[in-house]
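Reading through the structure tokens given below for one structure.
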Amino acid sequence: MAENEFPGWHGTTICGVRKGGEVVIAGDGQVSLGDTVIKGSARKVRRLSPGGYDIVSGFAGSTADAFTLLERLETKLEQTPGQLARACVELAKDWRTDKYLQKLEAMLIVTDGTDLFVVTGAGDVLEPEHDVAAIGSGGNYALAAARAMIDTDKNAETIAREAMAIASDICVYTNGNLTVEKISK
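One point on numbering: in this note's numbering, the residue at position 184 of the sequence shown is 618, and numbering is uninterrupted.
And the structure:
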């Protein structure tokens, strides 16, 4: 490694599943620096209550960057009470156009119990197909596993937990120490 190179932080798999009138967001607890696990119990899924509205969010990427985005999202939600889609679009606009925010390296999955969105630094606000979203190092593994289970008789929480277990078996940057939050309207 060159003298000025800093090994990349890796970690986090977040999976959101909407089914049967509820939405579940599950996230693992691993944070890695290069090939070393720095922490195994990080909490990357959070419940927010801006203006009395219940929101659940999971983040992948830099923790400090993600907290900055969560604070901005809370502000947007306070400005547009009960309008998660609008708040996410406003956050994405700011993220894309503000020079400070453009440097933030994180992604979010957010839900109010009805809507489910992925918000990215590229200015995207995506409502996932098939009622499943996943981000982070093991996101593609969790996404594939959850999509394979979405049409079964399993509920949203079971699908999210099992998808995360599969991702943690495959991705070295994902562990089985889960934080799970459920919300419904």
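Cβ atoms here follow ideal geometry from the backbone N, Cα and C, with glycine treated the same way.
Buried versus exposed, by CB contacts within 10 Å (16 or more), residue i
i: S483; result: exposed
i: T545; result: buried
i: A526; result: buried
i: R481; result: exposed
i: E596; result: buried
i: A556; result: exposed
i: G454; result: exposed
i: G468; result: exposed
i: G516; result: exposed
Nearest to residue i (by Cα), restricted to the options the options
i: S602; options: E615, S618, K616, N574; result: N574
i: A521; options: L503, C605, L612; result: L503
i: K616; options: C605, L467, Q513, V479; result: V479
Sequence-distant residues of the same chain with beta carbon closer than 7 Å to residue i, five excluded per side
i: I569; result: I448, A494, M541, I543, V552
i: D499; result: L538, E539, A540
i: H564; result: R581, I584
i: N609; result: D462, G463, Q464, G474, S602
Neighbour flag for residue i against chain D, beta carbons, 9 Å
i: A500; result: No chain D is present in this structure, which holds just one protein chain.
Coarse secondary structure for residue i, derived from DSSP in three states
i: T514; result: coil
i: T548; result: coil
i: I593; result: helix
i: I459; result: strand
i: G573; result: helix
i: L504; result: helix
i: C605; result: coil
i: A540; result: strand
i: E524; result: helix
i: G450; result: strand
Through-space distance from residue j to residue i, alpha-carbon basis
i: A476; j: G463; result: 4 Å
i: R581; j: V458; result: 14 Å
i: V471; j: T497; result: 15 Å
i: D549; j: E524; result: 16 Å
i: Y487; j: T586; result: 31 Å
i: G572; j: T531; result: 29 Å
Contacts around residue i, its chain only, beta-carbon distance under 6 Å, and the 5 residues preceding and following it disregarded
i: I593; result: V451, A580, M583
i: K510; result: A521, E524, L525
i: V559; result: C522, V523, A526, F551, V553
Residue i: CB within 8 Å of a non-hydrogen atom of the ligand FAD
i: S483; result: Of the ligands one can find in the structure shown there are none, so the ligand FAD has no counterpart to examine.
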